[in-house]
Amino acid sequence: MSLRKPGRHFFANPGPTNIPDSVLRAMNRPSMDFMDADFIEVFDEARAGLKSLLFTEHEVFISAASGHGAWESAMVNLFSPGDEVLIIGGGFFSVTWAALARSFGIIVELFEVDWRHGVEIASLQARLAADHGQRVKAICIVHNESLTSLVTPIPEVRAALDQAGHPALLLVDTISSLGCFEFRMDEWGVDAVVGGSQKGLMLPTGLGFVAAGPRALAAHKTATLPRFYFDWTAMMERRFRSFTGTVPIMPFFGMVEALSLLKAEGFEAVWARHHRLAQAVRAAVRAWGSGNQGPELYNLNPARYSDSVTTVLVPDGIDADAFRKLLLDRFNVSIGGGLAPLIGKVFRIGHMGDLNEPMILGTLAAIELAFGVFGMPHTPGGVAAAIESLKA
Numbered sequence: 000m001s002l003r004k005p006g007r008h009f010f011a012n013p014g015p016t017n018i019p020d021s022v023l024r025a026m027n028r029p030s031m032d033f034m035d036a037d038f039i040e041v042f043d044e045a046r047a048g049l050k051s052l053l054f055t056e057h058e059v060f061i062s063a064a065s066g067h068g069a070w071e072s073a074m075v076n077l078f079s080p081g082d083e084v085l086i087i088g089g090g091f092f093s094v095t096w097a098a099l100a101r102s103f104g105i106i107v108e109l110f111e112v113d114w115r116h117g118v119e120i121a122s123l124q125a126r127l128a129a130d131h132g133q134r135v136k137a138i139c140i141v142h143n144e145s146l147t148s149l150v151t152p153i154p155e156v157r158a159a160l161d162q163a164g165h166p167a168l169l170l171v172d173t174i175s176s177l178g179c180f181e182f183r184m185d186e187w188g189v190d191a192v193v194g195g196s197q198k199g200l201m202l203p204t205g206l207g208f209v210a211a212g213p214r215a216l217a218a219h220k221t222a223t224l225p226r227f228y229f230d231w232t233a234m235m236e237r238r239f240r241s242f243t244g245t246v247p248i249m250p251f252f253g254m255v256e257a258l259s260l261l262k263a264e265g266f267e268a269v270w271a272r273h274h275r276l277a278q279a280v281r282a283a284v285r286a287w288g289s290g291n292q293g294p295e296l297y298n299l300n301p302a303r304y305s306d307s308v309t310t311v312l313v314p315d316g317i318d319a320d321a322f323r324k325l326l327l328d329r330f331n332v333s334i335g336g337g338l339a340p341l342i343g344k345v346f347r348i349g350h351m352g353d354l355n356e357p358m359i360l361g362t363l364a365a366i367e368l369a370f371g372v373f374g375m376p377h378t379p380g381g382v383a384a385a386i387e388s389l390k391a
């Protein structure tokens, strides 16, 4: 049994994220009948708030699932065996989404790109224009690839589809972007959106959702992949227009409170806060690597920087996971690690959800302190650079 670590645990993972105290209190209640009028009122308020955050007037289907479950819901409800989809590569989660789709008999073309720069929109448009038979049924995009901290500009992808005259559906994974930076489903012409509760929504893991526009619902009517738990047709016959079994009660009380916090701050102010804190983190990383020997930003495309997570590439020969372990064991600070080919090569600083300047500065200070203890090559001054960024 490990000894208790004194003080407050600093949690800077790129999901799940910190849960506000008021959200925890809102969920701390006894069980109740999910058909009780009082709960139905809470559910309707939560669903309406979620649609507001998505900037959509369209249907939203919610399931007791993680983001992977929301992926599955989208794929089995929109496609038939043998349908072809184009998934924009660029990281672990796009590759995983492709693997999930293939497991259902969907033909997947992974439009692979440089993980440190992201997709070139002109190349994507050319690929779509070359699809003369318009066999591609959908373009699938991870809006924010949290392994590489790289964002794909959704309006530019929508424009590429339109300019190529291609009718493919546009599907977007917002799991690590929604509630952190700008996303507007209807205005941007997105047909289906995948999301989860555990990141920008500041809730525990366990609620996955898909928002579906008119073209997605039309595709659903002819899709033949097998489904049961995630069947939208069955969901639309229920009072909640979600779930095919027992409705989880407590998360919706939390969702109402979380969305009220975001609404009170103002969605655009929330986006601005995430941007401000992300800039401070990136300033710190640049300072640490200014001697051409220390950590550096993994994302090399400033136009695609993420405002919810920053991925840091450590120098060759350094074990990023060993560093993360020291940071957690000695200083009680938790940050994210690498996945797939980036295991041990990067660490990730999450700056999404319920956080402010002191929390970011405390995390960065602990990281810089741990660099010295661990022997990580770096140039001191990252925290000072973050402070200067936040003064601006």
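Per this note's numbering, the sequence shown starts with residue 0, numbered consecutively.
Note that the Cβ used here is the ideal one computed from N, Cα and C, for glycine as well.
The alpha helix (DSSP H) enclosing residue i, as first and last residue numbers
{"i": "Phe373", "result": "Glu356 to Phe373"}
{"i": "Ile120", "result": "Ile120 to Ala128"}
{"i": "Glu181", "result": "Glu181 -> no alpha helix (DSSP H), and no H or E assigned at all."}
{"i": "Lys390", "result": "Gly381 to Lys390"}
{"i": "Glu71", "result": "Gly66 to Leu77"}
{"i": "Phe92", "result": "Phe91 to Ser102"}
{"i": "Lys4", "result": "Premise fails: Lys4 is in no alpha helix (DSSP H) and is neither H nor E."}
C-alpha gap between residue i and residue j, whole angstroms
{"i": "Ile86", "j": "Ile106", "result": "10 Å"}
{"i": "Gly288", "j": "Asp130", "result": "44 Å"}
{"i": "Ile392", "j": "Gly335", "result": "The requested residue 392 does not occur in the structure, where the chain is confined to residues 0 to 391."}
{"i": "Gly68", "j": "Met249", "result": "19 Å"}
{"i": "Ile138", "j": "Val84", "result": "6 Å"}
{"i": "Pro15", "j": "Asp82", "result": "33 Å"}
{"i": "Met393", "j": "Met184", "result": "Within the shown structure, residues of the chain are numbered from 0 to 391, placing residue 393 beyond reach of any answer."}
{"i": "Ile359", "j": "Val156", "result": "32 Å"}
{"i": "Leu224", "j": "Asn76", "result": "7 Å"}
{"i": "Asp320", "j": "Val345", "result": "8 Å"}
{"i": "Ser333", "j": "Asn17", "result": "11 Å"}
{"i": "Lys198", "j": "Arg347", "result": "14 Å"}
{"i": "Lys220", "j": "Thr232", "result": "8 Å"}
{"i": "Ala339", "j": "Glu144", "result": "13 Å"}
{"i": "Glu181", "j": "Leu109", "result": "26 Å"}
{"i": "Leu389", "j": "Leu261", "result": "21 Å"}
{"i": "Met74", "j": "Gly104", "result": "10 Å"}
{"i": "Leu421", "j": "Trp70", "result": "Residue 421 lies beyond the residue range present for the chain, which begins at 0 and ends at 391; the question has no answer from this structure."}
{"i": "Pro213", "j": "Gly6", "result": "51 Å"}
{"i": "Leu363", "j": "Leu168", "result": "41 Å"}
Residue i - containing beta strand (DSSP E), residue span
{"i": "Val156", "result": "Per DSSP, Val156 belongs to no beta strand (DSSP E); it is in the alpha helix (DSSP H), Ile153 to Ala163."}
{"i": "Leu312", "result": "Val308 to Leu312"}
{"i": "Val192", "result": "Ala191 to Gly195"}
{"i": "Asp172", "result": "Leu168 to Asp172"}
{"i": "Phe9", "result": "Phe9 to Ala11"}
CB contact below 7 Å: residue i versus chain D
{"i": "Gly371", "result": "Here there is only one protein chain, and chain D is not present."}
Which residues DSSP lists as bridging residue i, in chain order
{"i": "Gly335", "result": "Arg347"}
{"i": "Val59", "result": "Ala210"}
{"i": "Ile39", "result": "None; Ile39 has no bridge partner."}
{"i": "Val107", "result": "Val84"}
{"i": "Leu149", "result": "Glu144 and Tyr304"}
{"i": "Asp138", "result": "Looking at the sequence shown, residue 138 is not Asp but Ile. Answer is Leu85 and Leu169."}
Closer than 6 Å: residue i CB and nearest the ligand NAP heavy atom
{"i": "Glu155", "result": "As far as ligands go, the structure on display features none, and thus does not contain the ligand NAP."}
- Task: State whether the region 32-39 contacts the region 175-188, with contact taken as three or more CB pairs (one from each stretch) at a distance under 8 Å.
- Result: no
- Task: Evaluate contact between the region 112-129 and the region 290-304, counting only Cβ atoms and requiring at least three cross-stretch pairs below 8 Å.
- Result: As far as the Cβ criterion goes, the region 112-129 touches the region 290-304, which means the pair count is three or higher.
- Can we say the region 379-388 touches the region 356-370, given the rule of at least three CB pairs closer than 8 Å? yes
- Message: Which runs of the beta strand (DSSP E) at least 3 residues long sit entirely within the region 198-246? Give them in chain order.
- Response: The qualifying runs are 206-211.
- Message: My parser needs the alpha helix (DSSP H) runs of 4 or more residues fully inside the region 249-316; what are they?
- Response: 249-264 and 266-287
- For the region 23-30 against the region 241-259, are there 3 or more C-beta pairs whose distance is under 8 Å? yes
- Query: Do the region 258-277 and the region 238-247 make contact, defined as three or more Cβ pairs closer than 8 Å?
  - Reply: no
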